[in-house]
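Read the structure below first, then the notes.
Protein chains: 2
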Amino acid sequence: MTDNPYEASPERRAERLAETAPTECDVRVERLVTELIGRVADKWTMIILEVLEEHKELRFTELARKVEGISQKMLTQTLRHMERDGMVTRTIHPVIPPRVDYRLTPLGLSLGAAFCGVWIWAEKNLTEVEAARTAFDAR
Amino acid sequence: MTDNPYEASPERRAERLAETAPTECDVRVERLVTELIGRVADKWTMIILEVLEEHKELRFTELARKVEGISQKMLTQTLRHMERDGMVTRTIHPVIPPRVDYRLTPLGLSLGAAFCGVWIWAEKNLTEVEAARTAFDAR
DNA sequence: CAGAATCCTTGGAGATACTG
DNA sequence: CAGTATCTCCAAGGATTCTG
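These protein sequences, in sequence, are chains A and B. Under the UniProt record's numbering, think of the first position of the first sequence as 1, with each following residue one higher. Under the UniProt record's numbering, think of the first position of the second sequence as 1, with each following residue one higher.
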């Protein structure tokens, strides 16, 4: 993974790169995709996505209540990330007391749809997973 | 979230529970599902799933090489979790040097399929997310 | 080779207090 | 109300070493 300073020769190095890098650019894209997955396949992100899918629009405290178990800090943080990634819009109403509404963008909705399969899978296979666990633990 | 010791009366408490707990059992299931999602929507789990989907069967070091950036510790750990959850079988060949093969179970395969939508989403929307980020940062 | 064990660091995350 | 700022702490995870 780290550069090998003892590479035999430039030729050898080119050879090695040719082996490990099918089109060199694909690798870069693949890495970006992987990184994006890492960002997006996060527990809180998934749940917030889910909640915002159900209730079109929610304000901060409503989210805090609906999300169950999230700390205020993590909520803010996750929402910021989601906003930055274009998943969520954040509209501030200049009133007192302040009011901020969160709502999914089309991009966020599409991700929610993509995750839908995982939720369904989890519901459908919950008992099977639990069975596997107890079987594994009893050993 | 924590029990409120100042609940006015048993009646009031029952009322509150009726509000927050549509069928009480659903909540339990929902929590289990959420917890399962938290377990399964993990970066390394997703990637290992992906890799094992592509190459039917891999041994430990092969996985370590294919997974790119994972430490040996995390690989072992994640594989154990996946095995415990019934995603993966671990077959030990009693030879010297030792050889251990990992392969997805039907359950693992089904989860991989469920995640497939997310991978596709990530590939398709990578540029849009990056655009959103730069737009957000330039502010 | 396939791990287990150990040590060590960092940043993830909670709790609390403060502010526009 | 909707956050930001600060302090703190624990555990996730990396690096390294050891072993059947």
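Just so you know, even glycine gets a beta-carbon here, dropped at the ideal spot from N, CA and C.
Quiz item: Does the Cβ-Cβ distance between methionine 46 of chain B and phenylalanine 136 of chain B come in under 7 Å?
Solution: Taking the second sequence and counting its residues from 1, one reaches residue 46 of chain B at position 46. Taking the second sequence and counting its residues from 1, one reaches residue 136 of chain B at position 136. No.
Exercise. Can you tell me the Cβ-Cβ gap for arginine 103 of chain B and lysine 73 of chain B, rounded? I've got them flagged as a contact below 8 Å.
Key: Along the second sequence, read from residue 1 onward, the residue named residue 103 of chain B stands at position 103. Along the second sequence, read from residue 1 onward, the residue named residue 73 of chain B stands at position 73. A Cβ-Cβ separation of about 22 Å leaves arginine 103 of chain B out of contact with lysine 73 of chain B under the 8 Å criterion.
Quiz item: To the nearest whole angstrom, what separates the beta carbons of leucine 111 of chain B and leucine 49 of chain B, a pair I think is in contact under 8 Å?
Solution: As a working note, residue 111 of chain B is residue 111 in the second sequence. As a working note, residue 49 of chain B is residue 49 in the second sequence. About 6 Å; that satisfies the 8 Å criterion.
Quiz item: To which residues does DSSP link aspartate 101 of chain A through a beta bridge?
Solution: The sequence position of residue 101 of chain A within the first sequence is 101, counting from 1. Assignment of beta-bridge partners to aspartate 101 of chain A by DSSP yields A:Arg59, A:Thr91.
Practice problem: Have a look at aspartate 75 of chain B and valine 40 of chain B and give me their C-alpha separation to the nearest angstrom. | Solution: Residue 75 of chain B sits at position 75 when you count from the first residue of the second sequence. Residue 40 of chain B sits at position 40 when you count from the first residue of the second sequence. First, the amino acid is wrong: residue 75 of chain B is leucine here, not aspartate. Approximately 15 Å between the Cα atoms of the pair.
Practice problem: Using beta-carbon positions only, say whether alanine 122 of chain B and isoleucine 37 of chain A come within less than 7 Å of one another. | Solution: Within the second sequence, the letter at position 122 stands for residue 122 of chain B. Within the first sequence, the letter at position 37 stands for residue 37 of chain A. Going by C-beta atoms, alanine 122 of chain B is nearer than 7 Å to isoleucine 37 of chain A.
Practice problem: Could you list which residues in chain B have their beta carbon closer than 8 Å to that of alanine 122 of chain A, in chain order? | Solution: Position 122 of the first sequence, counted from the start, is the residue given in the question as residue 122 of chain A. In chain order: Val33, Leu36, Ile37, Val40.
Quiz item: Of all the residues that make up the stretch 98-132 of chain B, which are near chain A by a beta-carbon distance shorter than 9 Å?
Solution: Here the close residues are Thr105, Leu107, Ser110, Leu111, Ala113, Ala114, Phe115, Cys116, Gly117, Val118, Trp119, Ile120, Trp121, Ala122, Glu123, Lys124, Asn125, Leu126, Glu128, Val129, Glu130, Ala131, Ala132.
Quiz item: If we ignore side chains and look at the alpha-carbon of each, how far apart do arginine 133 of chain B and arginine 28 of chain A end up?
Solution: For the purposes of this step, residue 133 of chain B is taken as the residue at position 133 of the second sequence. For the purposes of this step, residue 28 of chain A is taken as the residue at position 28 of the first sequence. If I take the Cα positions, the gap works out to 18 Å.
Quiz prompt | CB contact below 7 Å: phenylalanine 60 of chain B versus chain A | solution = Translated into positions along the second sequence, residue 60 of chain B becomes position 60. For phenylalanine 60 of chain B, the answer is no, since every Cβ of chain A falls outside 7 Å of its Cβ.
Quiz prompt | Residue from A:Val100, A:Val88, A:Ala131, A:Thr127 whose Cα sits closest to the Cα of glutamate 53 of chain A | solution = Taking the first residue of the first sequence as 1, we reach residue 53 of chain A at position 53. Minimum Cα-Cα distance from glutamate 53 of chain A among the listed residues A:Val100, A:Val88, A:Ala131, A:Thr127 corresponds to A:Val88.
Quiz prompt | Terminal residues of the alpha helix (DSSP H) in which isoleucine 48 of chain B lies | solution = Stepping through the second sequence from its first residue, residue 48 of chain B is reached at position 48. 43-54 is the extent of the alpha helix (DSSP H) around isoleucine 48 of chain B.
Self-check item: Rounded C-alpha distance that separates leucine 126 of chain A from histidine 81 of chain B
Solution: Numbered from its first residue, the first sequence carries residue 126 of chain A at position 126. Numbered from its first residue, the second sequence carries residue 81 of chain B at position 81. Rounded to the nearest whole angstrom, the CA to CA distance from leucine 126 of chain A to histidine 81 of chain B is 15 Å.
Quiz prompt | Presumed contact (8 Å Cβ cut-off) between leucine 32 of chain A and valine 51 of chain A, rounded CB distance | solution = Looking up residue 32 of chain A in the first sequence gives position 32. Looking up residue 51 of chain A in the first sequence gives position 51. With 8 Å as the limit, leucine 32 of chain A and valine 51 of chain A do not qualify as a contact, their Cβ atoms being about 28 Å apart.
Practice problem: Compare the beta carbon distance of glycine 86 of chain B and threonine 105 of chain B with 7 Å and say whether it is the shorter of the two. | Solution: Mapped onto the second sequence, residue 86 of chain B falls at position 86. Mapped onto the second sequence, residue 105 of chain B falls at position 105. Yes, the pair counts as a contact, with Cβ atoms nearer than the cut-off.
Self-check item: Nearest candidate by alpha-carbon position, reference lysine 43 of chain B, set B:Val118, B:Ala131, B:Ala138, B:Val129
Solution: As a position in the second sequence, residue 43 of chain B is number 43, starting the count at 1. Ranking B:Val118, B:Ala131, B:Ala138, B:Val129 by Cα distance to lysine 43 of chain B puts B:Val118 first.
Self-check item: Rounded straight-line distance, which links the Cα of arginine 59 of chain A to that of isoleucine 96 of chain A
Solution: Walking along the first sequence from the start, residue 96 of chain A turns up at place 96. Walking along the first sequence from the start, residue 59 of chain A turns up at place 59. Inter-residue distance for isoleucine 96 of chain A and arginine 59 of chain A is about 14 Å (C-alpha atoms, whole angstroms).
Exercise. Enumerate in chain order the residues of its own chain whose CB-to-CB distance from proline 98 of chain B is below 8 Å, with the five nearest sequence positions on each side excluded.
Key: Here residue 98 of chain B corresponds to residue number 98 of the second sequence, with the count starting at 1. For proline 98 of chain B, same chain residues with a beta-carbon under 8 Å away, outside a window of 5 residues either side, are Ile92 in chain order.
Quiz item: Roughly how many angstroms lie between the CA atoms of valine 67 of chain A and glutamate 128 of chain B, to the nearest whole one?
Solution: Position 67 of the first sequence, counted from the start, is the residue given in the question as residue 67 of chain A. Position 128 of the second sequence, counted from the start, is the residue given in the question as residue 128 of chain B. A straight-line Cα-Cα distance of about 27 Å links valine 67 of chain A and glutamate 128 of chain B.
Quiz prompt | alanine 138 of chain B: first and last residue of the uninterrupted alpha helix (DSSP H) it sits in | solution = Translated into positions along the second sequence, residue 138 of chain B becomes position 138. Taken as a continuous stretch (DSSP letters only), alanine 138 of chain B belongs to no alpha helix (DSSP H), as it is neither H nor E.
Self-check item: Reduced DSSP category for isoleucine 37 of chain B - H, G, I as helix; E, B as strand; rest coil
Solution: For this step, residue 37 of chain B is matched to residue 37 along the second sequence. Helix, per DSSP.
Self-check item: Chain-ordered neighbours of methionine 46 of chain A on chain B, where CB pairs are closer than 8 Å
Solution: For the purposes of this step, residue 46 of chain A is taken as residue 46 along the first sequence, with counting starting at 1. Near methionine 46 of chain A (Cβ distances below 8 Å), the residues of chain B are Ile37, Ala41.
Quiz item: With 16 other CB atoms within 10 Å as the buried threshold, where does alanine 138 of chain A fall?
Solution: By one-based count along the first sequence, residue 138 of chain A stands at place 138. Exposed.
Quiz item: Would you say arginine 65 of chain B faces chain A, with C-beta separation under 7 Å as the test?
Solution: The residue you call residue 65 of chain B lines up with position 65 of the second sequence. It does not: the Cβ of arginine 65 of chain B has no partner Cβ on chain A nearer than 7 Å.
Quiz item: Who are the neighbours of arginine 84 of chain A on chain B, taking C-beta pairs under 8 Å?
Solution: Locating residue 84 of chain A in the first sequence gives position 84, counting from the first residue. Going along chain B in sequence order, the residues near arginine 84 of chain A (Cβ under 8 Å) are Ala132, Arg133, Phe136, Asp137.
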